[in-house]
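Undergrad: Protein sequences, first through last, are from chains F and E.
Per the working numbering, the very first residue in the first sequence carries number 1; after that it's consecutive.
Per the working numbering, the very first residue in the second sequence carries number 202; after that it's consecutive.
Structure provided below as C-alpha cells; questions to follow.
Number of protein chains: 2
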Amino acid sequence: MTKIYLAEDQKMLNTALATLLGLEDDLDVIGTATDGNTALSEIVLKKPDVAILDIEMPKLSGLDVAQQIDVLKLTTKVIILTTFAKASYFEQAVDAHVNGYLLKDNPTDQLVQTIREVLDGKTVFSPELVTSILSAEKNPLTKREIDVLKEIKTGKNSKEIAKAVFLSDGTVRNYISSILSKTGTSSRIEALNIAEKNKWI
Amino acid sequence: MTKIYLAEDQKMLNTALATLLGLEDDLDVIGTATDGNTALSEIVLKKPDVAILDIEMPKLSGLDVAQQIDVLKLTTKVIILTTFAKASYFEQAVDAHVNGYLLKDNPTDQLVQTIREVLDGKTVFSPELVTSILSAEKNPLTKREIDVLKEIKTGKNSKEIAKAVFLSDGTVRNYISSILSKTGTSSRIEALNIAEKNKWI
DNA sequence: TCTATAATGTGACAAATGTCATATTAAGTC
DNA sequence: GACTTAATATGACATTTGTCACATTATAGA
Chain F
1 MTKIYLAEDQ
11 KMLNTALATL
21 LGLEDDLDVI
31 GTATDGNTAL
41 SEIVLKKPDV
51 AILDIEMPKL
61 SGLDVAQQID
71 VLKLTTKVII
81 LTTFAKASYF
91 EQAVDAHVNG
101 YLLKDNPTDQ
111 LVQTIREVLD
121 GKTVFSPELV
131 TSILSAEKNP
141 LTKREIDVLK
151 EIKTGKNSKE
161 IAKAVFLSDG
171 TVRNYISSIL
181 SKTGTSSRIE
191 ALNIAEKNKW
201 I
Chain E
202 MTKIYLAEDQ
212 KMLNTALATL
222 LGLEDDLDVI
232 GTATDGNTAL
242 SEIVLKKPDV
252 AILDIEMPKL
262 SGLDVAQQID
272 VLKLTTKVII
282 LTTFAKASYF
292 EQAVDAHVNG
302 YLLKDNPTDQ
312 LVQTIREVLD
322 GKTVFSPELV
332 TSILSAEKNP
342 LTKREIDVLK
352 EIKTGKNSKE
362 IAKAVFLSDG
372 TVRNYISSIL
382 SKTGTSSRIE
392 ALNIAEKNKW
402 I
C-alpha cells in the first residue's frame, strides 16, 4: 500500500482529491493539510511514500516544503501540483529535486498516473508546463530590477524603494527607467502588468 | 435520479467533482464543461436539475450563465461555486436568483449537502460568504471613481483615462485625488492594492 | 424645500516620475 | 587584455501626478 500525503489549501480540491485517491486500491491517503507548516511536520513524522504539494499555501509554500524534504533527505517522493506554469517556480522545484510537477489544468487521471510513474522512479513534468515555459518571454530584467519592481508592486514611491533596497533615489529611478524601456511601457503600473503577465515577478 | 451539470474551468477540480458526485447513488452528472458558452448551450439542451457553476471561466462567466438561466426561466437550479467572496459577485448572483452560493473553501460534503438542500427548494449561501461580505469594508467609491480606478489598473495615464471615460484630464485627476483620500493612500498603485484587497474592483 | 452628494469642470502649484548624459567599479566572456 | 554587462551614482530637465480652492448642475433624501 502506497502512503500518500496531500497538501492543498483549497478545501474543495483537497477533500475531493483525498477521497478520489483513497478509492484507488493501492493508494492510501495517510494525511492532508491546508498549510505548508502542518504538511512539513506531518510528512517528517509519517514518512509517506509520495507527497502531493500545492505551491501557494499559507505559512510555508509547497516549494519550501519540497526543499526541506530534499535537505532532510527524506525518501518521500514529491509531486508539485499547481495552477502556475511559472518559470521561477519550476526552477525552484527542479532545484529541490522534485519527482513530478503537474498543473491543475490536468484531469485527476493524470495525477494518479503521475503518482504511479513517480513511484516507478520516473521524473514527470507536465508537457503543457514545459511548452509554456519554453514559449514564455524570457525575463529581460536584472536581479536588481526585479527587486525594484517587487517594491513598486507594494505601492512604494521612489524614495521608499530606495530605502528598502539600499540604493539612492536616483539609482532607483534609473532602474525604473530601464524597466520601462525593457517592458516597452511608460509607467509603473503598465510595467507591473507586463511583468505579471509574463510571470517575471 | 437527479441530473447534475458541472461547469468548472480547472480540469483537476472539474474531473474530481464529476467523479465524486457520480458516486452518490441519487446523482447523475450528465455533463461537464470548462467554459461558460459550452455550459450554457448544454444546459439549455439537456435541462439538468442542478447546474454547478464556477464564476471565472473563459468566454462566459458563471454569473452570465446563471443570468441566462434565469432569463430563459429554465427549471434548472443553480449553485455558484467559487473562490471569491466578493460582494459584487454575490449581488449579481442574487439578482440572477441563484439557489446556492458556495465557496471552494468548503469540503466536498458541503457541496453534496448544498445540492440536496437546493433540490429541497431551499436557498443556500455559504455562511463564510455572508460573514465575509458583512465584515468587508463597504466600498466608499462612487460609480465614476470605480470607472476611473479600473482604467488606472490597465496602466493608463490621466489623459488616456480622460479619453476612455469621456472626462477632462482635470476631472480625472480630481477623481483620483478623491480615490486616494478615500483609500487613505498616496499613489495609484497603493490605491489599486487597497481596492483589490477589499474587492472593490 | 433645504441639503447632501455625485458628477463635472478650471487654474495653480508642489512633488514625484521618467529621461538622458555621464561616470565608476566589478565580474564575466571571447 | 579587450569588451560587455550589471550595479551604482549624480545632475538637469520635462512631464505627470496629486492637492487645493472654487464653481456649476442634477438628483436623491429628510
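Glycine residues also receive a C-beta, built at the ideal position from the N, C-alpha and C atoms.
On a predicted model such as this, the values are computed, not experimentally measured, just so you know.
Any heavy atom of the ligand FMN closer than 7 Å to the beta-carbon of glutamine 211 of chain E?
TA: No copy of the ligand FMN occurs in the structure displayed, which carries no ligand at all.
Undergrad: Could you pull the DSSP bridge partners for valine 325 of chain E from this structure?
TA: On the second sequence, position 124 is the one that residue 325 of chain E refers to. DSSP lists E:Gly301 as partners of valine 325 of chain E.
Undergrad: Cα separation between valine 148 of chain F and isoleucine 161 of chain F?
TA: Numbered from 1 along the first sequence, position 148 holds the residue referred to as residue 148 of chain F. Numbered from 1 along the first sequence, position 161 holds the residue referred to as residue 161 of chain F. Those two C-alpha atoms are separated by around 7 Å.
Undergrad: Using a Cβ-Cβ cutoff of less than 8 Å, which residues in the same chain neighbour lysine 247 of chain E once the five nearest sequence positions on both sides are dropped?
TA: Taking the first residue of the second sequence as position 1, residue 247 of chain E is located at position 46. Taken in chain order, the residues that qualify are Lys204, Tyr206, Ile231 and Gly232.
Undergrad: Suppose the cutoff is 6 Å on Cβ atoms and the five residues either side in sequence are ignored; what does the same chain contact list for asparagine 198 of chain F look like?
TA: Here residue 198 of chain F is taken as the residue at index 198 of the first sequence, counted from 1. Excluding positions up to five away in sequence, the list reads Glu137.
Undergrad: Within the continuous alpha helix (DSSP H) that includes leucine 119 of chain F, where are the two ends?
TA: Walking along the first sequence from the start, residue 119 of chain F turns up at place 119. Here the alpha helix (DSSP H) through leucine 119 of chain F covers 108-119.
Undergrad: Contact check, isoleucine 189 of chain F vs alanine 195 of chain F under 8 Å by CB: the rounded distance?
TA: Taking the first residue of the first sequence as 1, we reach residue 189 of chain F at position 189. Taking the first residue of the first sequence as 1, we reach residue 195 of chain F at position 195. That pair is no contact at about 11 Å.
Undergrad: Verify whether the separation of the beta carbon atoms of isoleucine 55 of chain F and leucine 63 of chain F is less than 8 Å.
TA: Mapped onto the first sequence, residue 55 of chain F falls at position 55. Mapped onto the first sequence, residue 63 of chain F falls at position 63. Yes, Cβ-Cβ distance for isoleucine 55 of chain F and leucine 63 of chain F is below 8 Å.
Undergrad: For alanine 7 of chain F and alanine 39 of chain F, which I take to be in contact (beta-carbon distance under 8 Å), what is that distance rounded to the nearest angstrom?
TA: Here residue 7 of chain F refers to the residue found at position 7 when the first sequence is read from its first residue. Here residue 39 of chain F refers to the residue found at position 39 when the first sequence is read from its first residue. Rounded, the Cβ-Cβ distance is 4 Å, consistent with contact.
Undergrad: Taking a contact to mean a Cβ-Cβ separation below 8 Å, would you say glycine 100 of chain F touches valine 112 of chain F in this structure?
TA: Numbered from its first residue, the first sequence carries residue 100 of chain F at position 100. Numbered from its first residue, the first sequence carries residue 112 of chain F at position 112. Taking 8 Å as the Cβ cut-off, glycine 100 of chain F and valine 112 of chain F do not qualify as a contacting pair.
Undergrad: Here's the rule: buried if 16 or more other CB atoms are within 10 angstroms of the residue's CB, otherwise exposed. What is aspartate 306 of chain E?
TA: The count along the second sequence starts at 1 and reaches residue 306 of chain E at position 105. So aspartate 306 of chain E ends up on the buried side.
Undergrad: Please list, in chain order, all residues of the same chain as tryptophan 275 of chain E whose beta carbon is under 8 Å from its beta carbon, the five residues on each side excluded.
TA: Residue numbering aside, residue 275 of chain E sits at position 74 when the second sequence is read from its first letter. It should be pointed out that residue 275 of chain E corresponds to leucine in this sequence rather than to tryptophan. Here the set comprises Ile244, Val245 and Lys248.
Undergrad: So who's on the other strand from leucine 282 of chain E, going by DSSP bridges?
TA: For the purposes of this step, residue 282 of chain E is taken as residue 81 along the second sequence, with counting starting at 1. Paired residue(s): E:Leu303.
Undergrad: Against chain E, which members of the segment 86-116 of chain F pass a CB distance test of less than 9 Å?
TA: Cβ contacts with chain E come from Leu102, Leu103, Lys104, Asp105, Asn106, Pro107, Thr108, Asp109, Gln110 and Leu111.
Undergrad: Measure the alpha-carbon distance for leucine 342 of chain E versus threonine 19 of chain F and round it to whole angstroms.
TA: On the second sequence, residue 342 of chain E is found 141 positions in, with the first residue counted as 1. On the first sequence, residue 19 of chain F is found 19 positions in, with the first residue counted as 1. One C-alpha to the other measures close to 44 Å.
Undergrad: Residues in its own chain within less than 6 Å of glutamate 392 of chain E by CB, not counting five upstream and five downstream?
TA: Locating residue 392 of chain E in the second sequence gives position 191, counting from the first residue. Reading off the sequence shown, one finds alanine at residue 392 of chain E, where the question assumed glutamate. Within the same chain, alanine 392 of chain E has close Cβ partners Ile380, Leu381, Thr384 and Thr386.
Undergrad: Determine whether the beta carbon atoms of threonine 332 of chain E and valine 325 of chain E lie at a separation below 8 Å.
TA: Here residue 332 of chain E corresponds to residue number 131 of the second sequence, with the count starting at 1. Here residue 325 of chain E corresponds to residue number 124 of the second sequence, with the count starting at 1. No, they are not a contact pair.
Undergrad: So for valine 351 of chain E, helix, strand or coil by DSSP?
TA: Taking the first residue of the second sequence as position 1, residue 351 of chain E is located at position 150. Residue identity differs from the one stated: residue 351 of chain E is lysine in this sequence, not valine. Helix at lysine 351 of chain E.
Undergrad: Do methionine 1 of chain F and aspartate 28 of chain F count as a contact pair if the criterion is CB distance below 8 Å?
TA: Here residue 28 of chain F refers to the residue found at position 28 of the first sequence. Here residue 1 of chain F refers to the residue found at position 1 of the first sequence. Yes; because the gap between Cβ atoms is below 8 Å, this pair is in contact.
Undergrad: Start and end of the alpha helix (DSSP H) containing lysine 274 of chain E?
TA: Numbered from its first residue, the second sequence carries residue 274 of chain E at position 73. Taken as a continuous stretch (DSSP letters only), lysine 274 of chain E belongs to no alpha helix (DSSP H), as it is neither H nor E.
Undergrad: Taking its Cβ as the centre, do 16 or more other Cβ atoms sit within 10 Å of valine 94 of chain F, making it buried, or is it exposed?
TA: On the first sequence, residue 94 of chain F is found 94 positions in, with the first residue counted as 1. Counting Cβ neighbours within 10 Å, valine 94 of chain F comes out exposed, since fewer than 16 surround it.
Undergrad: With H, G and I counted as helix, E and B as strand and the rest as coil, what does DSSP make of threonine 235 of chain E?
TA: For the purposes of this step, residue 235 of chain E is taken as the residue at position 34 of the second sequence. Coil at threonine 235 of chain E, not helix or strand.
Undergrad: Rounded to a whole number of angstroms, what is the C-alpha to C-alpha distance between lysine 287 of chain E and threonine 108 of chain F?
TA: What you label residue 287 of chain E is simply residue 86 of the second sequence in a count that begins at 1. What you label residue 108 of chain F is simply residue 108 of the first sequence in a count that begins at 1. Near 29 Å, if we compare the C-alpha coordinates of threonine 108 of chain F and lysine 287 of chain E.
Undergrad: What residues are listed by DSSP as bridge partners for isoleucine 52 of chain F?
TA: For the purposes of this step, residue 52 of chain F is taken as residue 52 along the first sequence, with counting starting at 1. According to DSSP, which records beta bridges pairwise, isoleucine 52 of chain F is partnered with F:Leu6 and F:Ile79.
Undergrad: By the three-class DSSP mapping on this structure, what secondary structure does aspartate 28 of chain F have?
TA: Counted from its first residue, the first sequence places residue 28 of chain F at position 28. The answer is strand: DSSP assigns aspartate 28 of chain F an E or B state.
Undergrad: Among E:Ile377, E:Gly356, E:Glu352 and E:Asn375, whose alpha-carbon lies nearest the alpha-carbon of valine 366 of chain E?
TA: Start at 1 with the first residue of the second sequence, and residue 366 of chain E comes out as number 165. Nearest C-alpha to valine 366 of chain E: E:Glu352.
Undergrad: Look at the Cβ atom of valine 251 of chain E, then the Cβ atom of isoleucine 280 of chain E, and state whether they are nearer than 8 Å.
TA: Counted from its first residue, the second sequence places residue 251 of chain E at position 50. Counted from its first residue, the second sequence places residue 280 of chain E at position 79. Against a cut-off of 8 Å, the Cβ pair of isoleucine 280 of chain E and valine 251 of chain E comes out as a contact.
Undergrad: Pick from F:Lys163, F:Gly155, F:Arg116 and F:Ala66: whose alpha carbon is nearest that of alanine 96 of chain F?
TA: Residue mapping note: residue 96 of chain F aligns to position 96 of the first sequence, counting from 1. Of the listed residues, the one whose Cα sits closest to alanine 96 of chain F is F:Ala66.
Undergrad: Identify whether leucine 60 of chain F lies in helix, strand or coil by the three-state DSSP scheme.
TA: As a working mapping, residue 60 of chain F is identified with position 60 in the first sequence. Leucine 60 of chain F falls in the coil class under three-state DSSP.
Undergrad: Where does glutamate 338 of chain E sit, in a helix, a strand or coil, going by DSSP?
TA: The residue given as residue 338 of chain E occupies position 137 in the second sequence. The answer is coil: DSSP assigns glutamate 338 of chain E none of H, G, I, E or B.
Undergrad: Return the residue from the list E:Val272, E:Thr283 and E:Lys260 that minimises the CA-CA distance to leucine 254 of chain E.
TA: Sequence index remark: in the second sequence, residue 254 of chain E carries index 53 (1-based). When each option's Cα is compared against that of leucine 254 of chain E, the closest is E:Thr283.
Undergrad: Any C-beta of chain E sitting closer than 8 Å to the C-beta of threonine 19 of chain F?
TA: Working through the first sequence from its first residue, we reach residue 19 of chain F at position 19. It does; some Cβ of chain E falls within 8 Å.
Undergrad: For glutamate 397 of chain E and chain F, any beta-carbon pair shorter than 8 Å?
TA: Within the second sequence, numbered from 1, the residue matching residue 397 of chain E stands at position 196. Output row for glutamate 397 of chain E: interface = no.
Undergrad: Are the C-beta of threonine 75 of chain F and some C-beta of chain E separated by less than 8 Å?
TA: Locating residue 75 of chain F in the first sequence gives position 75, counting from the first residue. No - not a single Cβ of chain E is within 8 Å of the one on threonine 75 of chain F.
Undergrad: Buried or exposed: where does serine 359 of chain E fall if 16 or more other Cβ atoms within 10 Å of its Cβ makes it buried?
TA: Residue 359 of chain E sits at position 158 when you count from the first residue of the second sequence. Answer is buried; the Cβ neighbour count reaches 16.
Undergrad: Have a look at F:Gln110, F:Ser168, F:Gly121 and F:Ser61 and flag the residue whose alpha-carbon is nearest the alpha-carbon of glutamine 92 of chain F.
TA: Here residue 92 of chain F is taken as the residue at index 92 of the first sequence, counted from 1. With distances taken between Cα atoms, glutamine 92 of chain F lies closest to F:Ser61.
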